[in-house]
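Below you'll find the structure, written out as structure tokens, and then a few comments.
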Amino acid sequence: MYTSARLIVVFQPHLFSRTRDFAEDFGVALAEADSVWVTDIFPARETPIPGVTGETVAEAVQRAGGRHVSYVPAIGDLTNLLAEELRAGESF
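Just so we're aligned: 73 in the numbering used here is position 55 of the sequence shown, and the numbers increase by one with no gaps anywhere.
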């Protein structure tokens with residue numbers, strides 16, 4: 019649709035179990051983007067699973083060939099980081 023524009027994705031995984039079970043699939047899908055920003059997991063009703071974080075997804079994106087992948091644990095930190103990343107006329 020926008021073949022001349024960069025695809026910038028912000029992804030916040032939802033649920034620890036879903037992140038554990040689908041991290042590699044998320045990685046493959048997200049690796050298609052030009053830039054991927056992954057935050058920590060929104061836990062909803064679940065308690066943390068040791069070793070499963072948003073970084074799990076970020077690492078899967080890298081393994082799948084993602085070009086620019088950043089793990090930003092605190093979603094509130096994204097505003098300033100994305101402001102530096104975006105070029106004139108772009109949105110995310």
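Where is the CB? At the ideal position from N, CA and C, for every residue including glycine.
- In the three-state reduction of the DSSP assignment, residue 26 falls in the strand class, which pools E and B.
- Cβ neighbours of residue 82 within its own chain (closer than 7 Å, five residues either side excluded): 45, 46 and 49.
- Residue 53 and residue 93 do not touch by the CB rule: their CB atoms are close to 16 Å apart, not below 8 Å.
- For residue 32, same chain residues with a beta-carbon under 6 Å away, outside a window of 5 residues either side, are 60 in chain order.
- Rounded to whole angstroms, residue 35 and residue 75 show a C-alpha spacing of 12 Å.
- A straight-line Cα-Cα distance of about 8 Å links residue 71 and residue 37.
- Residue pairing for residue 60: DSSP places it in a beta bridge opposite 32.
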